[in-house]
Each structure stands twice: as structure tokens, then as C-alpha cells.
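Only one structure is covered here, and it is reproduced in the block below.
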Amino acid sequence: MDGIHDLGGKQGFGPIDVGEDDNPFHADWEARMLGIVRAMSRPVPWSIDWFRHVRELIGPVDYLTRPYYDQWLQTYAAMMVNSGVATVDELASGTSVADIPGLGPPSPPSAVAGAIRNTARFDRPATEPPRFAAGDPVRASLNANPGHTRLPQYVRGRRGMVTAMHGAHVLPDASAAGVEKAETLYSVAFAATELWPEATAGGDRVILDLWERYLEPA
Amino acid sequence: MSDHDSHRIAEIHEDLHSHLPPEPALRVKALESLLVEKGMLDPATVDAWIELFTEEIGPKRGAAVVARAWTDPDYKARLLADGTAAITELGFEGWAGGHLKVVENTPDTHNLIVCTLCSCYPHSVLGIPPNWYKTAAYRARAVRDPRGVMAEFGEAVPEDVAITVWDSTAELRYMVLPQRPAGTEGWDEAALAALVTRNAMIGTARDLTPGPGGPD
Numbered sequence: 001m002d003g004i005h006d007l008g009g010k011q012g013f014g015p016i017d018v019g020e021d022d023n024p025f026h027a028d029w030e031a032r033m034l035g036i037v038r039a040m041s042r043p044v045p046w047s048i049d050w051f052r053h054v055r056e057l058i059g060p061v062d063y064l065t066r067p068y069y070d071q072w073l074q075t076y077a078a079m080m081v082n083s084g085v086a087t088v089d090e091l092a093s094g095t096s097v098a099d100i101p102g103l104g105p106p107s108p109p110s111a112v113a114g115a116i117r118n119t120a121r122f123d124r125p126a127t128e129p130p131r132f133a134a135g136d137p138v139r140a141s142l143n144a145n146p147g148h149t150r151l152p153q154y155v156r157g158r159r160g161m162v163t164a165m166h167g168a169h170v171l172p173d174a175s176a177a178g179v180e181k182a183e184t185l186y187s188v189a190f191a192a193t194e195l196w197p198e199a200t201a202g203g204d205r206v207i208l209d210l211w212e213r214y215l216e217p218a
Numbered sequence: 001m002s003d004h005d006s007h008r009i010a011e012i013h014e015d016l017h018s019h020l021p022p023e024p025a026l027r028v029k030a031l032e033s034l035l036v037e038k039g040m041l042d043p044a045t046v047d048a049w050i051e052l053f054t055e056e057i058g059p060k061r062g063a064a065v066v067a068r069a070w071t072d073p074d075y076k077a078r079l080l081a082d083g084t085a086a087i088t089e090l091g092f093e094g095w096a097g098g099h100l101k102v103v104e105n106t107p108d109t110h111n112l113i114v115c116t117l118c119s120c121y122p123h124s125v126l127g128i129p130p131n132w133y134k135t136a137a138y139r140a141r142a143v144r145d146p147r148g149v150m151a152e153f154g155e156a157v158p159e160d161v162a163i164t165v166w167d168s169t170a171e172l173r174y175m176v177l178p179q180r181p182a183g184t185e186g187w188d189e190a191a192l193a194a195l196v197t198r199n200a201m202i203g204t205a206r207d208l209t210p211g212p213g214g215p216d
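Here it is as C-alpha cells:
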């Protein structure tokens, strides 16, 4: 979707706070929110792609101004309401009015030591041979899925070159719509001079990981 | 079940915006209370996760990986070939580490990591990303003006050094292997690891030359 989240190359943003300290959290509520997300039960499955899509649907003003972990809260709250896990009133009051039937006990502290090593993988058996190979010139599609997609606007229509083929990975565009299917994933390099009119450094480039449907022969 | 309906989600966001408490701290407190009441959350488990990401899972893991690669050429070769397998050797597998790609700086190339679409980051080796990494400014500017961004971080990258910016648009996660600085010959892994900063592994720092006085 052509949302506010698609920030690559947007101009008008100011300097970066390079003086930030090394603390992982800058407020207690940020740490709590991170911990809640790692520790909470999931009565219904929420894919990483659905999470990202729900986050990018936060209203543009809120998306640009609310702190990062506050956006996590907003996203989980919206997924919970949408899935019937909680109501807006419950989330506002912090008080439950309905139990969740069939729910097991929550994750105990003793589970954390093992859970930190859980490593999700997103590669899947390929069902189609790859259309492109490393070294192939390609052009990124001008149009992208109107729902969730991982094809940023700043490369659409631009020419690049495949630098690596990664086999089939879960396709976010479908996964965020509730369908898991896999498609070949490639790393594609775009010269800075192809992307930005002001670019002058000949060797500078941007590499993105793009699914086969995002690409055309060039 | 989720209905995967974008319009419905936009409506729910509006509803939440209007009804949730006005401060983030109060919103999180209400969420935690609700999840505990519903039997979905043990607050002691939240404490345990916070302690892990404060004490154990952070950039010192990535620094240990870098120091090993600087001192063991075979490990470096394995790290560059399959980052996930190589960090697993050190027990650092985990969150967002399933498809780790380590990219190496050289005298004439520099690597910089960003996620323009959200905030993807190799958590199991670098921990919690800094706030700046998640800001609109960094996400917007890193792909378009990497030299300007680096200059703000105090690194003037010479014109004859080519910059590759890696935009984490899929589930591959990236970590930079910085160059081992001159003057560190004979240093052990622990002393070398102490030189490696988080920013160097994101790519917003490049020169890790130690100050005078040798290893700590």
C-alpha cells in the first residue's frame, strides 16, 4: 500500500539524534511493552506480515508522531479488537469483561531462557523454478499490491541488477491477507544514480530483497 | 480469527485513538492489566524478558562475533557464507536471526543497514535498536543521503569509498563486519570486542581505531 510508512527517500526530515545514549529503553513503559509482546499468549495466530500491515494502517499523523513502542501498543490493540480477543472498552479500562474460552496458562518466567533461542525461518520449498539469476538486469514493477507489500515506492520503475537468489520465501503480500504462499526472493542492487537525481557518487548503491512478482526483465 | 480487512483496521485505529488513555505509559499499564486479567500474561515473564534485553542480549554479542571473525579466518569465512549458522556456533541464535547476512567493510567499500518500511533489525546479535534507527528521519534519509547521515555521525566517508545501503525489505537481517583497525595486532578477542560499537555494526560508524594506550 502507498502508506505513510513507506519512508525511503522522502525529503524534509531533519537531523538524526546521534547523541542518544546506549540504553535499550528510555522509559519504563517502553520496556514493559517490549516484554509484554514477548511474553503474551496468542489466542489467535498473527503473522509478522499482518502485524506490519496493521502497524502501517495507523493514521498518518499518529504514525509519524507517536513513539515506536506506543505504535506496537496501538498495533497489538487493533489486532486484538479485530480478532475478538478484547474490546476497545476493555483496552481503555484495563478491565476484562469476558474470558477467552480454552486458553492455556500464560508463558512462565522459566520459559524465557529457552524462548530466546527460538528462530523463525521464512524460507519454504520452491514450487516454481526461479525466473531470474544473479547478474540479470531487472526493473521493479511500477505498481504494487494495494494491500501489504514490501516493494517500496522509491525503487518502483527503476532498473537494477540481481545480486543473489535466496530460494522461495513466504510472500508478505499474501501472508498479510491470511494466505501463506512462497515465491522466489532476490537481492537486487540499484545504483544511487538510478534512484536519485542528485546522486553523483558512481559506486554508491542500495540493495533490497524483492520477491519475483515485484520484478520484470529489463 | 483475523479478517485481514484493511478498512476495518483503519476504523479500529480511529476508535482506539479516541478511547484509549492519553499517555503511552497509561495505555501500556491498561493493556498489561487487561492481559493479566484475561490470563494471557504473567507479569514476572515480562520482567524476565526486560532483564534479558537489558543485561544479556545486546551489541556485546555482535561485538564478540566481530572479534572472533577478526582473529579466526575460518570463522570469518563461515560467518560471511552463512551468518545464521555462524552466530549459532556462539549460542546467539534467536529473534530475527533466522536469515542473517553479514556484510564486510573493506578499504574501498562501506555498508550501511536500514529498514525503510518498518524497523527490521538483527535483535539476537544487536539487541534493541537505538531510537534513531526507528525514526522517520533515519529511515527516509539512509537510502538517499547515506554520506550526509554518516557525516552527522562524525564519519566523513571518502568519495573513493563506495557505499552499499542494505534496505531490509524481507526477512533477511543484516549486520556489518567492520574493518579491524590498525594498531591492534596481537590484541586478544576480549580487547578487540571492546572496540566494536553498535553503530559500527549498523554502519553509522566506520573507523574503530583505538585511542592511545593500547587495550583496556
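Going line by line, the protein sequences match chains A and B.
Residue numbers for the first sequence follow UniProt numbering, beginning at 1 and rising by one.
Residue numbers for the second sequence follow UniProt numbering, beginning at 1 and rising by one.
Think of the CB as a built atom: it goes at the ideal place given N, C-alpha and C, for glycine as much as any other residue.
task = Just list the alpha helix (DSSP H) runs in the stretch 100–153 of chain B, keeping only unbroken ones of 4 residues or longer that don't cross its boundaries, in chain order.
result = 123–126, 131–134, 136–141 and 146–152
CB contact check: glutamate 178(A) to chain B, cutoff 8 Å = A quick correction: the sequence has glycine, not glutamate, at residue 178(A). It does; some Cβ of chain B falls within 8 Å.
query = Interface residues of chain A around methionine 150(B) at Cβ under 9 Å?
reply = Within chain A, no residue comes near methionine 150(B); the closest Cβ sits about 10 Å away, beyond 9 Å.
query = Can you list, in chain order, the residues of the stretch 54–81 of chain A whose Cβ is nearer than 8 Å to any Cβ on chain B?
reply = Residues passing the 8 Å Cβ filter: Val54, Arg55, Glu56, Leu57, Ile58, Gly59, Asp62, Leu64, Arg66, Pro67, Tyr68, Tyr69, Asp70, Leu73, Gln74, Tyr76, Ala77, Ala78, Met79 and Val81.
message = So, with DSSP's three-state summary, where would you put alanine 86(B)?
response = DSSP, reduced to helix, strand and coil, places alanine 86(B) within a helical segment of the structure shown.
ask   = Can you tell me whether glutamine 74(A) is buried or exposed, with buried defined as 16 or more other CB within 10 angstroms of its CB?
value = Buried, by the Cβ-count rule.
request  = Please compile the residues from chain B whose C-beta is within a distance smaller than 7 Å of the C-beta of residue 221(A).
outcome  = Nothing about residue 221(A) can be read from this structure; chain A reaches only from 1 to 218.
key: Which of helix, strand or coil DSSP assigns to methionine 58(A)   = Looking at the sequence provided, one finds isoleucine at residue 58(A) rather than methionine. Looking at isoleucine 58(A) - three-state DSSP - the assignment turns out to be coil, as it is neither helix nor strand.
task = Would you grab the beta carbon distance between proline 178(B) and valine 196(B) for me? Rounded to a whole angstrom, and I think it's under 8 Å.
result = 7 Å
message = Could you compute how far the alpha carbon of residue 217(B) sits from the alpha carbon of arginine 213(A)?
response = A question about residue 217(B) goes unanswered here, because the residues of chain B that appear run from 1 up to 216.
ask   = Should serine 110(A) go down as buried or exposed, given a rule of 16 or more other Cβ atoms within 10 Å for buried?
value = Counting Cβ neighbours within 10 Å, serine 110(A) comes out exposed, since fewer than 16 surround it.
Helix, strand or coil at proline 24(B) [DSSP, three-state] = It is helical.
Terminal residues of the alpha helix (DSSP H) in which serine 107(A) lies = Here serine 107(A) belongs to no alpha helix (DSSP H), and DSSP marks it neither H nor E.
inquiry  = Please identify, using Cβ separations under 9 Å, the residues of the stretch 52–79 of chain B that lie next to chain A, in order along the chain.
reply    = Leu52, Phe53, Thr54, Glu56, Ile57, Gly58 and Pro59
message = What does the Cβ neighbour count give for glutamine 71(A), buried or exposed, with the cut at 16 atoms within 10 Å?
response = Under this definition glutamine 71(A) is a buried residue.
message = If I follow the unbroken beta strand (DSSP E) through tryptophan 211(A), where does it start and stop?
response = 205–211
N-terminal and C-terminal residue of the alpha helix (DSSP H) that histidine 13(B) is part of = 6–19
Bridge-paired residues (DSSP) for valine 170(A) = Ala182(A)
message = List, in chain order, every chain B residue whose beta-carbon is nearer than 9 Å to that of serine 83(A).
response = Under the 9 Å cutoff, chain B gives Met1, Ser2 and Asp3.
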